[in-house]
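A.B. asks:
Protein chains: 2
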Amino acid sequence: MNGAIYYCPVDLTLSVVGGRWQGLIVWALRGGPKRFSELKRELVAVNDKMLSQTLKLLVEQGIVTRTDFQSVPPKVEYNLTENGRQLLVIFEKMEAWGTHYSEA
Amino acid sequence: MNGAIYYCPVDLTLSVVGGRWQGLIVWALRGGPKRFSELKRELVAVNDKMLSQTLKLLVEQGIVTRTDFQSVPPKVEYNLTENGRQLLVIFEKMEAWGTHYSEA
DNA sequence: CAATATACTTACCAAAAGGGAAGCACTATC
DNA sequence: GATAGTGCTTCCCTTTTGGTAAGTATATTG
Numbered sequence: 001m002n003g004a005i006y007y008c009p010v011d012l013t014l015s016v017v018g019g020r021w022q023g024l025i026v027w028a029l030r031g032g033p034k035r036f037s038e039l040k041r042e043l044v045a046v047n048d049k050m051l052s053q054t055l056k057l058l059v060e061q062g063i064v065t066r067t068d069f070q071s072v073p074p075k076v077e078y079n080l081t082e083n084g085r086q087l088l089v090i091f092e093k094m095e096a097w098g099t100h101y102s103e104a
Numbered sequence: 105m106n107g108a109i110y111y112c113p114v115d116l117t118l119s120v121v122g123g124r125w126q127g128l129i130v131w132a133l134r135g136g137p138k139r140f141s142e143l144k145r146e147l148v149a150v151n152d153k154m155l156s157q158t159l160k161l162l163v164e165q166g167i168v169t170r171t172d173f174q175s176v177p178p179k180v181e182y183n184l185t186e187n188g189r190q191l192l193v194i195f196e197k198m199e200a201w202g203t204h205y206s207e208a
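If you read the protein sequences in the order shown, they are chains A and B. Residue 76 in our numbering sits at position 76 of the first sequence; the count goes up by one each step and never skips. Quick note, our numbering runs 104 ahead of the 1-based positions in the second sequence.
1) Comparing C-alpha positions only, which one of B:Y111, B:L184, B:T203 sits nearest to R170 (chain B)?
2) I'd like the span of the beta strand (DSSP E) that includes Y78 (chain A), first residue to last.
3) Only counting the same chain, and skipping five residues up and downstream in sequence, which positions put a Cβ closer than 7 Å to that of Y101 (chain A)?
4) Over what stretch of residues does the beta strand (DSSP E) that includes R134 (chain B) continue unbroken?
5) Candidates A:E77, A:M50, A:P74, A:L12: which alpha carbon is nearest L24 (chain A)'s?
6) Between G135 (chain B) and chain A, is there a C-beta pair that is closer than 9 Å?
7) Given that M94 (chain A) touches chain B, what residues does it touch there, using C-beta distances under 8 Å?
8) In chain order, what residues of the same chain lie with their CB nearer than 7 Å to the CB of L116 (chain B), ignoring the 5 residues before and after it?
9) Are the CB atoms of P113 (chain B) and T99 (chain A) nearer to each other than 9 Å?
10) Please give me, in chain order, every unbroken run of the alpha helix (DSSP H) with length at least 4 that falls completely inside the region 133-162 of chain B.
11) My guess is that I167 (chain B) and L191 (chain B) are in contact by the Cβ rule of under 8 Å, so how many angstroms apart are they, rounded?
12) Once DSSP output is grouped into helix, strand and coil, what is the label at R66 (chain A)?
13) Straight-line CA distance for N187 (chain B) to Q165 (chain B)?
14) Got a sec: is the Cβ-Cβ distance from Q190 (chain B) to anything in chain A below 9 Å?
15) Check each candidate in A:L14, A:M94, A:Q22 and name the one with the smallest Cα separation from L57 (chain A).
16) Anything in chain A within Cβ reach of T203 (chain B), meaning under 8 Å, just list it in chain order.
Here it is in structure tokens:
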């Protein structure tokens with residue numbers, strides 16, 4: 001994948017899901033494709049650089065697809081791949097845990 | 105928790121589960137309490153500093169308990185709290201995904 | 001009496017990640 | 001003709017993270 005060595009399957013998954021923005025982007029795409037600017041609006045604290053950098057990484061990892069509509073002004077859509085979509089069960093559990101934890 | 109602001113429950117959970125060692129330690133404790141040296145042996149690439157630093161963080165976050173047996177040489181056991189234990193469903197999904205992904 | 005084991009901490013350094021601000025290409029709109 | 005909107009990239013800098021090596025205290029072992 002990127003030369004890194006993973007200690008176990010959990011470690012591998014964490015490399016895709018951990019990091020400041022990777023997981024949040026996957027989660028933001030759960031409802032279907034979104035444009036760059038929509039993601040930016042949704043992930044309030046992200047900046048252009050981080051968003052495009054992280055999206056590129058997710059594309060390389062095979063989690064997200066990128067569709068460039070070759071128009072001016074540019075229109076590009078991002079969507080989850082099948083592998084990406086299968087990550088969603090993880091985030092559903094995370095949402096449940098986080099919700100419960102912040103109430104405790 | 106630590107002054108950080110979380111954007112949503114998933115973000116909160118990622119702050120507990122992401123990071124180089126946090127998740128792996130929680131996962132390593134799934135079978136019951138372990139001593140410092142056992143964790144060190146199991147998480148091959150971790151060093152003393154990272155392990156004790158991360159364990160301290162997990163204790164502060166209420167994910168792990170620390171029991172010091174006040175003996176010489178020292179014996180200290182770490183175990184999951186109830187909140188920590190509830191994270192395990194997340195890791196089970198991660199293991200499944202990681203296993204599947206690395207076969208693809 | 002030297003070595004070993006345990007669970008740490010400290011000082012120091014290197015690498016990586018993250019972020020701000022600006023710029024770019026091009027069109028449409030005012 | 002200036003301005004705005006889009007999806008980026010680049011430069012530069014700060015912060016965070018990770019890591020190495022060494023040290024600490026004390027009892028047991030050889």
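Don't be surprised by glycine CBs; every beta carbon is placed ideally from N, CA and C.
C.D. replies: Taking the definition as stated:
1) B:L184
2) 76-80
3) none
4) It is not in any beta strand (DSSP E) - R134 (chain B) carries neither H nor E in the DSSP assignment.
5) A:M50
6) no
7) P113, V114, T117, L118, V121, I194
8) Y110
9) yes
10) 140-146
11) 7 Å
12) strand
13) 10 Å
14) yes
15) A:Q22
16) P9
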